[in-house]
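Here the structure comes first, spelled out in structure tokens, and everything after it is commentary.
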Amino acid sequence: MILAAPHIDTGDTAWLLAATALVLLMTPGLALFYGGMVRTKSVLNMLMMSFVSIALVTVVWLAAGYSLAFGDDAFGGLIGGLKHAGMAGIGPDSVQGTVPTILFATFQLTFAIITAALISGAVADRAKFGAWLVFVPLWALLVYVPVAHWVWGPGGWILDSLGALDFAGGLPVEVTSGASGLALCLVLGPRLGFKKDAMRPHNLPMVMLGAGLLWFGWFGFNAGSALGANGLAAAAFLNTLTAGCTGLLGWLFVEQRRDGHPTTLGAASGAVAGLVAITPSCGSVSLLGALVVGLAAGLVCSYAVSWKFKLNYDDSLDVVGVHLVGGVIGTVLIGVFATESMTGGAEGLLYGGGLGQLGRQLVAVVAVGAYAFAVTYGIGKLIDRVIGLRADEEQEQTGLDLTVHAETAYDHGVLGHGAPVSSSVPSAQKVKAQA
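All you need for my numbering is the position in the sequence shown, starting with 1, plus 498.
As structure tokens, this is what we get:
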């Protein structure tokens, strides 16, 4: 039997090009989502943390990250080799499945970018911007790249040895960002006034716009992970839409019963929670499974975001409560709702698969969460000792926009915080003098 040589399928390539652009759009969407949730004095800093992650992770990914994550296994399922460092040996005619390898590498790059940017929400209002510039490339190489290899890379131990399933990033994206966010906010400590001062979102329309862009981009994130214009992509697309809807409704249900008021912030957060949870499972569960996964995330995450007040960790924008908890829910429930018609083999507990797949999913979650937390905590401590991780008290009180970037997002005079100031000035001292 003669096997057909790998070839580039134009339909699959066209879809993956579009999906890659959609996923890249998620990072500016995240910037707006996070930017609306912080106070006026640190809006631009929050936007910058997301946008600079695009540049930093791209450089790291092209230099070594892609090769280490998706190159041939070099060390017992833990990491790939450096054969393709600097994208060596990958030309326009190289093929990955039915798409150009260079496009596959770019698609995976957009995942790495938004995962790093997600962590910024846990340390909003108080992290040094210079320290963030150091943290992102170190974290991408030491945390994201190995986990991506474990889950998706050739010979990765979670994929090949353990047999846990993760279609679009519950482990490398959601669990790692959530566990890493927890580690970093523990290193930093709480914001000034945590649990005392009101720290409400300053611009809820911006939050809703950001959530809408995230939801739009998520179709590329999940359906694009089929790596082809096919039925699996269509099923992942519908599952993504469905889980986002039930996540939104679940969160609003809790708010209505608990607080008496369904809120716009709750609607945005619930949709994101449902999308987070369906990310690992969109290619493994049926439509019924997607309904339950999204609803479970909306219900549970709406309570999980309040854990920080009881446990005294200041996860500023609820990265732990939404991404870690939602990622765990979606990854574990694969072991309950996976269907053979979607996976091509593995089945969950509800469909007669027994406890085996559920156990594999649990092992993967614990291993990835523990690794991401431990390594991120170490990176954070190292940076804090060498250059300092936290902005000083004066910067935090005045706001990082003014003291770090010498800009303000709004005319403060209009907002009632003093005389009008320029939105862009030569120095922070000049703005302070005008204010």
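Ideal placement from N, C-alpha and C gives every residue a C-beta, glycine not left out.
Sub-8 Å separation of MET524 and LEU684 beta-carbons: Position 26 of the sequence shown, counted from the first residue, corresponds to residue 524. Position 186 of the sequence shown, counted from the first residue, corresponds to residue 684. The answer is no: Cβ separation not under 8 Å.
Touch test, the stretch 765-775 against the stretch 736-747, Cβ-Cβ under 8 Å, three pairs minimum: yes
Beta carbon of GLU734 nearer than 8 Å to that of CYS799: Working through the sequence shown from its first residue, we reach residue 734 at position 236. Working through the sequence shown from its first residue, we reach residue 799 at position 301. A small correction: the amino acid at residue 734 is Ala; Glu does not occupy that position in the sequence shown. Not in contact: ALA734 and CYS799 (Cβ atoms no closer than 8 Å).
Contact between the stretch 576-595 and the stretch 548-564 (3+ Cβ pairs under 8 Å): yes
Cβ-Cβ distance between ALA731 and TRP559 below 8 Å: As a first step, residue 731 must be located in the sequence shown, where it is residue number 233. As a first step, residue 559 must be located in the sequence shown, where it is residue number 61. No.
Distance between beta carbons of ALA795 and ILE832, contact taken as under 8 Å: Here residue 832 is taken as the residue at index 334 of the sequence shown, counted from 1. Here residue 795 is taken as the residue at index 297 of the sequence shown, counted from 1. With a Cβ gap of about 13 Å, ILE832 and ALA795 do not count as contacting.
Status (buried if at least 16 other CB within 10 Å, exposed otherwise) for GLY911: For this step, residue 911 is matched to residue 413 along the sequence shown. Because GLY911 sits at a pLDDT of 44, beneath the cut-off of 50, its placement in the model cannot be relied upon, and the point is left open.
Residue environment, PHE602, which counts as buried when at least 16 other CB atoms sit within 10 Å: In the sequence shown, counting from the first residue as 1, residue 602 sits at position 104. Classification for PHE602: buried.
Close Cβ partners of LEU746 (< 6 Å) along its chain, the five nearest in sequence each way excluded: Counted from its first residue, the sequence shown places residue 746 at position 248. Excluding positions up to five away in sequence, the list reads ALA765, GLY768 and ALA769.
Where ALA836 sits in the DSSP three-state scheme: Position 338 of the sequence shown, counting from 1, holds the residue named residue 836. Note: ALA836 maps to strand in three-state DSSP.
Contact set for VAL634: own chain, Cβ-Cβ below 6 Å, skip 5 residues either direction: As a first step, residue 634 must be located in the sequence shown, where it is residue number 136. Contacts found: SER551, LEU554 and ALA614.
ALA681 versus PHE692 - alpha carbon distance: Locating residue 681 in the sequence shown gives position 183, where the first residue counts as 1. Locating residue 692 in the sequence shown gives position 194, where the first residue counts as 1. Rounded to whole angstroms, ALA681 to PHE692 spans 18 Å at the Cα level.
Close Cβ partners of GLY595 (< 7 Å) along its chain, the five nearest in sequence each way excluded: The sequence position of residue 595 within the sequence shown is 97, counting from 1. LEU725, listed in sequence order.
The alpha helix (DSSP H) enclosing MET585, as first and last residue numbers: On the sequence shown, residue 585 is found 87 positions in, with the first residue counted as 1. Per DSSP, MET585 belongs to no alpha helix (DSSP H) and is neither H nor E.
Cβ neighbours of GLY867 in the same chain (closer than 6 Å, five flanking residues each side left out): Residue numbering aside, residue 867 sits at position 369 when the sequence shown is read from its first letter. For GLY867, where only same-chain residues beyond five positions count, the Cβ hits under 6 Å are VAL673 and ALA677.
Cβ neighbour criterion (16 or more within 10 Å) applied to GLN895: Here the question's residue 895 lines up with position 397 in the sequence shown. Its Cβ having fewer than 16 others within 10 Å, GLN895 is exposed.
Assigned secondary structure, ALA625 (DSSP; H/G/I helix, E/B strand, else coil): As a position in the sequence shown, residue 625 is number 127, starting the count at 1. Looking at ALA625 - three-state DSSP - the assignment turns out to be strand.
Own chain partners of VAL834 with C-beta closer than 6 Å, once the 5 adjacent residues on each side are dropped: The count along the sequence shown starts at 1 and reaches residue 834 at position 336. So the list reads GLY846, LEU847 and LEU848, once near-sequence residues are dropped.
CB contact below 8 Å: LEU880 versus chain D: In the structure shown, chain D cannot be found, because there is only a single protein chain.
Secondary structure of THR518, DSSP reduced to three states: Walking along the sequence shown from the start, residue 518 turns up at place 20. Helix, per DSSP.
Span of the alpha helix (DSSP H), counted from its first residue to its last, around GLU892: Here the question's residue 892 lines up with position 394 in the sequence shown. Start and end: 891-896.
ARG698 in three-state terms, based on DSSP: Start at 1 with the first residue of the sequence shown, and residue 698 comes out as number 200. Residue state, collapsed to three classes: coil.
Three-state secondary structure assigned by DSSP to GLU453: As displayed, the chain neither begins before 499 nor continues past 933, which places residue 453 out of reach and without an answer.
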